[in-house]
Amino acid sequence: MSGFLNIFRKKSPAPKEQPASTAPRQAKKPGRQGNRGGKPGKKPQSRHNKPRNSHKPAMPPWDISQFEVPPEKGKTRFHDFNLPAPLMRAIQEQGFQYCTPIQAEVLGSTLEGQDAIGKAQTGTGKTAAFLIATIKQLLETPPPSERYLGEPRAVIVAPTRELAIQICEDAKALTRYTDLHVVMVVGGMDYEKQRKHLQENFVDILIATPGRLLDYNEKRDVYLDLVETLVLDEADRMLDMGFIPQVRRIVRATPRPGDRQTLLFSATFNDDVMRLAEQWTWHPVRVEIEPDHVATDNVEQKVYIVSTEEKYRILHNMITRQKLDRVIVFTNRRDQTRRLTEKLKKDGINSDMLSGEIPQNKRIRTLENFKNGKIRVLVATDVAGRGIHVDGISHVINYNLPEDPEDYVHRIGRTGRAGASGISVSFACEDDAFLIPTLEELLGDKLKMTSPPEELLSH
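In my numbering, the protein residues as written are 2 to 460.
The following block contains the structure:
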């Protein structure tokens, strides 16, 4: 029977990438059905007009007068953008008052429905920038009068599970006082359980990694022909990880440029990223936030010149004698991560590891334990270099210098977040000290190199 019904839900073959429309983007109209295929009016009941049950409890009354932020010269407030009250309430709850530079620059255009290409480092507030624009559009544009399950109105594609999980948490926090339904689908997690989430309710915002999203789309569990907003986060990372062929197929399954809003963010704007941006956007506003320094001023950076044999002793003494209680230690390879974690545990230091060889469910538990303070030291490869947003990380320690200078910036960006200060300590030994000049060239400044204090060298 299900096969028979699928005849009427089957979509036409995905069109080739189309050139940007030359006509102005039209406002989305309630009831617009897109290219569904099958006979008009013949819709499977299991996918059609399922009542939305409110999944959010009643909240006490609130109005904007409860969220006062005084104007300040040179700063942009969220109040300045005429955002819906439920969204402003969530923004207040998140502790936001003034926009970061990327938010101030991009929201003026994206809130009007314009496409955008944004260049910004991790930790600059770009996630909130594209979520706020997306949520406002969804709240103020009525959904189609006839909807199908598994048919999202907004899709956010991220390169890694960790980043997708973080975006999902932020999206749920910002939609808390709305009826918008947020769903996440990522690889490495229970396939059927995520499929069930797609079928429980209408999907407003779908956050996904490329492979898993394409999987569900090809199996007709997700339909992308009515996507109103498409967000591609960390496009350069997706390019580096080889995801672009998959992302191309995802983009082709959505409405053409001009019929959807497209927001593309990247830490770098190389030629490959810009070619993709030109294909996938329509008359975009281009925003580049170039900090005075590549690395944040809130992070004090130190480089200890050490021998390979001294590394562990210095690390152990830093954690125990300086009473550090929330630290990320970065290594370059899985085997280094595993051996270092075993040593720390053997010496009674509460630690755990995060790398590509760890099953996804355990990675999520490990991150939660780290956020909750149950883990003192998180040892990680660069799988954690982007997408981990944990408050209160006092130190980032580069046990091995990264071979890619960009990874150094992302690593130390795990501390010194949200205006707090942090410390980055890198160990440079005979195996990797040659990487320092390349790092300094990227940073545009000399790194402070010194021998470790004597108290850290003692047994």
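All C-beta atoms in this analysis are idealised placements derived from N, C-alpha and C, irrespective of residue type, glycine included.
Keep in mind it's a predicted model, so treat the numbers as computed, not measured.
- According to DSSP, residue pairing for A429 in a beta bridge involves I306.
- Residue pairing by DSSP puts V380 in a beta bridge opposite V330 and M354.
- For the pair G75 and K127, the Cα-to-Cα distance works out to about 19 Å.
- In summary, E106 is buried, with 16 or more beta-carbon neighbours lying within 10 Å of its beta-carbon over all protein chains present.
- Just measuring C-alpha positions, the residue of L108, S308, Q247 and Q361 sitting nearest S427 is S308.
- With the rule of 3 Cβ pairs closer than 8 Å, the region 240-253 does not count as touching the region 183-202.
- DSSP lists L207 as the beta-bridge partner residues of V184.
- Apart from the 5 residues on each side of it in sequence, S110 sits with its Cβ closer than 7 Å to the Cβ of A117 and V286 in its chain, given in chain order.
- Within the DSSP secondary-structure output, S395 pairs in no beta bridge.
- The Cβ atoms of G188 and R213 lie closer than 7 Å to each other.
- For the options T125, T101, M89 and V328, the alpha carbon positioned closest to that of L140 is the one of M89.
- Across the set P87, E163 and N271, the C-alpha of E163 shows the shortest separation from the C-alpha of L355.
- By the C-beta density criterion, F435 is exposed, having fewer than 16 other C-beta atoms within 10 angstroms.
- Boundaries of the beta strand (DSSP E) harbouring F266: Q262 to S267, taken from the DSSP string.
- In the structure shown, P258 falls within a strand segment according to DSSP collapsed to helix, strand and coil.
- Under the 10 Å beta carbon count, P256 is surrounded by 16 or more other beta carbons and is classified as buried.
- Assigned with DSSP and collapsed to three states, L233 falls in strand.
- Residue state for K137 is assigned as helix, using DSSP reduced to three classes.
- Boundaries of the alpha helix (DSSP H) harbouring R162: R162 to L175, taken from the DSSP string.
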